[in-house]
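Just add 1 to the spot in the sequence shown (first one is 1) and you have our numbering. We put the beta carbon where it would ideally sit given N, CA and C, even for glycine. Only a predicted model underlies this, so the values are computations on that prediction, with no experimental measurement involved. Structure first, commentary second.
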Amino acid sequence: MLPAGKHSREVYLGENGIINKVSKDCLLIDCSTIDIKTSVDIGLKAKEKGIKMIDAPVSGGVMGAKNATLTFLVGGSKDSFDSAKPILEIMGKNIFHAGDLGCGNGAKICNNMALGISMIGASEALMLAKRLNIDIKKVHEIMKSASGNSWPISVYPPLPGLKKGVPSNNKYRPGFSAGMMSKDLKLAIECAEEVKANTPLGSEANKIYEKFCKEGNDNKDFSGYIKSCRW
């Protein structure tokens, strides 16, 4: 799992890259969240050499990895997916075949754009309730049972004291850093521009996290954005 496409290109396709070193009976599983073009380029180069490869970015963060409940979003041939599935099931609970090479990363980019948008919404709603002097724990319980529920509300609340074992209760030490969220939102906007998709909320979320990171928060958990909403 590597942070960006340039790193993946070097590791797989560089002078001492993996694809030039492994045997044809290998199965390469790349869990990086990177741009679709790089993912496809690497996969096709592997295919040229008779090597099976999938892009298999994950969702679920550190907690999912510890509990073996990760979600894998897989791009590649059906044959490669079937070969990889028993391995992925050791680490994950939900294994999805999203489509051909690059589709795993495409699905992950879409997912994380929605996640970034929903974390901003959850943070602003919880801070509004706090400023209105409404019992925040009651508001949290209401939102979990009402139409305002979301993954950031029910599973990963950004406000301390609402759920054990989440970064907001650990000084925002990252399960998934703001820097990584910013990177994924940039990927989403690049994809949107390429296919001429209109994503105004995605664009705004990208600007918000870019600013949050420039303020020195790139190594904080992405739920730490709530601290920008006026405590």
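Alpha carbon of residue i to alpha carbon of residue j, nearest angstrom
| i | j | result |
| --- | --- | --- |
| residue 108 | residue 90 | 19 angstroms |
| residue 196 | residue 112 | 17 angstroms |
| residue 189 | residue 182 | 10 angstroms |
| residue 88 | residue 96 | 10 angstroms |
| residue 147 | residue 157 | 16 angstroms |
| residue 224 | residue 198 | 27 angstroms |
| residue 205 | residue 116 | 13 angstroms |
| residue 23 | residue 75 | 21 angstroms |
| residue 1 | residue 63 | The requested residue 1 does not occur in the structure, where the chain is confined to residues 2 to 232. |
| residue 28 | residue 78 | 12 angstroms |
| residue 11 | residue 18 | 7 angstroms |
| residue 214 | residue 32 | 24 angstroms |
| residue 3 | residue 9 | 6 angstroms |
| residue 170 | residue 7 | 34 angstroms |
| residue 216 | residue 52 | 44 angstroms |
| residue 228 | residue 13 | 39 angstroms |
| residue 207 | residue 85 | 33 angstroms |
Host beta strand (DSSP E) of residue i (start-end)
| i | result |
| --- | --- |
| residue 63 | No beta strand (DSSP E) holds residue 63; the alpha helix (DSSP H) holding it covers 62–68. |
| residue 30 | 28–31 |
| residue 228 | Premise fails: residue 228 is in no beta strand (DSSP E) and is neither H nor E. |
Identified DSSP bridge partners for residue i
| i | result |
| --- | --- |
| residue 95 | 72 |
| residue 100 | 76 |
| residue 219 | BP columns for residue 219 are empty, so no partner. |
When the options are compared against residue i, the one with the closest alpha-carbon
| i | options | result |
| --- | --- | --- |
| residue 203 | 186, 66, 231, 41 | 186 |
| residue 144 | 69, 131, 127 | 127 |
| residue 155 | 166, 84, 141 | 141 |
| residue 138 | 160, 84, 227, 226 | 160 |
| residue 25 | 118, 8, 48 | 48 |
| residue 36 | 193, 228, 227, 152 | 193 |
| residue 38 | 56, 30, 21 | 56 |
| residue 21 | 46, 41, 30 | 46 |
| residue 125 | 34, 15, 209 | 209 |
Range of the contiguous alpha helix (DSSP H) that encloses residue i
| i | result |
| --- | --- |
| residue 48 | 37–49 |
| residue 55 | No alpha helix (DSSP H) contains residue 55, which is instead part of the beta strand (DSSP E) from 53–56. |
| residue 202 | 201–213 |
| residue 25 | Looking at the DSSP string, residue 25 is not in any alpha helix (DSSP H), and its letter there is neither H nor E. |
Sub-7 angstroms separation of residue i and residue j beta-carbons
| i | j | result |
| --- | --- | --- |
| residue 73 | residue 98 | no |
| residue 166 | residue 102 | no |
| residue 180 | residue 136 | no |
| residue 153 | residue 178 | no |
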